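Colleague: Numbering (the working numbering), first residue to last: 1 to 284.
Quick reminder that beta carbons are idealized off the backbone N, C-alpha and C, glycines included.
Here the structure is a predicted model, which is why all the values come from computation and not from measurement.
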C-alpha cells in the first residue's frame with residue numbers, strides 16, 4: 001500500500017510544472033480571446049453551431065459556462081449550445097500535454113470533437129427549428145449576466161496556479177484510486193468492464209463524463225492513457241463532458257424540463273458517436 005501511495009505521489013508531482021505552464025497558456029488565451037470568441041458566437045446567426053464547434057475546442061477556461069449563460073439569455077440557440085458542449089475540451093488538453101502525448105494525437109482528438117460538435121449542432125438546429133418548429137422565448141440577458149460570477153479576476157498567474165493545484169489534487173486522488181483498484185482487481189479485469197460487452201464501455205464512459213466536475217474528464221483521460229478504455233469510450237466520455245457548463249445551465253435556465261432534455265440529447269450524442277468511432281476502428 002505504501003508503495004502504491006508513493007508511486008501515485010511521484011507520478012502526480014512530475015506533472016506539476018507541465019500542468020502549470022499549460023494552464024498559464026490557457027489563462028492567457030482566455031484573457032486575449034475570450035470576449036472576442038463569445039462575441040463571434042453571439043453574432044453568428046444560423047452559423048452558430050459552426051462557430052460554437054470551432055471556438056469551443058480552443059482550450060479556454062469556462063467556455064462551456066459562458067455558452068450556458070448565453071443560452072439562458074436566449075442569445076445563442078440550442079444547436080450552438082450543444083456544439084460547444086461536444087467540442088469543449090475541459091481538462092483533457094492539459095492532462096495529455098503533461099503526459100507528453102504526441103501533438104498529432106491531441107490535434108486529431110480535438111479536430112474530431114470539433115467536427116462532431118459542428119455536425120451535431122447543425123442537425124439539432126435543423127430538427128429543432130424546421131421540423132419541430134420550436135422557438136425560444138425572449139429573456140433579458142442583463143438579468144442573466146447579473147447572476148453569473150467570474151472566478152478568474154485575480155490575474156493570469158494566480159488563476160493558473162489555482163487551476164493547477166485543483167487538478168493536481170484530482171489527479172493524485174484518481175491515480176491513487178486507480179492504482180489501488182488495478183492492484184486488487186487487475187488491469188485486464190478492469191478493462192473488461194469497458195470492453196467485455198459491446199457498447200457498454202461507451203454507455204459507462206458517457207455517464208462518467210456527465211459528472212459536472214473536472215474529475216470526470218481526468219478519470220476518462222487517465223483511463224485512456226493507461227489503455228484501459230478504447231478510443232470510442234474515451235470520445236463518448238469526453239464529448240459529453242461539458243464541465244461546469246451543465247451546472248450553469250441548471251442554475252440560470254429556468255426551464256428544468258428543457259435542461260433535462262438537453263442533458264439527454266448530449267448523452268445520446270456522446271454514446272452514438274463513441275459507438276461509431278469504436279465500430280469504425282478509428283484510433284488516435
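Measuring only the C-alpha atoms, how far is residue 85 from residue 9?
Modeller: About 32 Å.
Colleague: If we ignore side chains and look at the alpha-carbon of each, how far apart do residue 94 and residue 109 end up?
Modeller: The C-alpha of residue 94 lies about 13 Å from the C-alpha of residue 109.
Colleague: Is the CB-CB distance between residue 100 and residue 57 below 9 Å?
Modeller: no
Colleague: For residue 88, which of helix, strand or coil comes out of DSSP?
Modeller: coil
Colleague: Tell me whether residue 149 is buried or exposed, calling it buried when 16 or more other Cβ atoms sit within 10 Å of its Cβ.
Modeller: Low confidence applies to residue 149: its pLDDT is 44, below 50, so where it sits in the model is not reliable enough to give any reading.
Colleague: Are the beta-carbon atoms belonging to residue 277 and residue 209 less than 9 Å from one another?
Modeller: No, the pair does not count as a contact, with Cβ atoms beyond the cut-off.
Colleague: Using alpha carbons as the reference points, say which of 165, 106 and 88 lies closest to residue 16.
Modeller: The shortest Cα separation from residue 16 among 165, 106 and 88 belongs to 165.
Colleague: Measure the Cβ-Cβ separation of residue 55 and residue 63 and say whether it is below 9 Å.
Modeller: yes
Colleague: Find the nearest neighbour of residue 77 within the set 129, 228, 198 and 6, judged by alpha-carbon distance.
Modeller: Closest in C-alpha terms to residue 77, from the list 129, 228, 198 and 6, comes 129.
Colleague: Does residue 142 pass the burial test, meaning 16 or more other C-beta atoms within 10 Å, or should it be called exposed?
Modeller: In this prediction, residue 142 has a pLDDT of 45, which is less than 50 and means its spatial position is unreliable; what the coordinates show is noted afterwards. So residue 142 counts as exposed.
Colleague: Could you tell me if residue 287 is buried or exposed, where buried requires 16 or more neighbouring beta carbons within 10 angstroms of its beta carbon?
Modeller: The question about residue 287 has no answer here: the residues shown for the chain are numbered 1 through 284.
Colleague: On the criterion of 16 or more Cβ atoms from any shown chain inside 10 Å, does residue 3 qualify as buried, or is it exposed?
Modeller: exposed
Colleague: What's the gap between the Cα of residue 230 and the Cα of residue 218?
Modeller: 15 Å
Colleague: Following the continuous alpha helix (DSSP H) through residue 250, name the residue where it begins and the one where it ends.
Modeller: 244 to 252
Colleague: Using 10 angstroms around the beta-carbon of residue 257, count the other beta-carbons present and answer buried if the total reaches 16, otherwise exposed.
Modeller: exposed
Colleague: Please determine, among 158, 180, 274 and 247, the residue with the shortest C-alpha to C-alpha distance to residue 24.
Modeller: 158
Colleague: With distances taken from CA atoms, which of 282, 205 and 72 is nearest residue 238?
Modeller: 205
Colleague: Comparing C-alpha positions only, which one of 104, 207 and 254 sits nearest to residue 284?
Modeller: 104
Colleague: With 16 as the cutoff for other CB atoms within 10 Å, does residue 280 come out buried or exposed?
Modeller: Note on residue 280: under 16 other CB atoms within 10 angstroms of its CB, so exposed under the neighbour-count rule.
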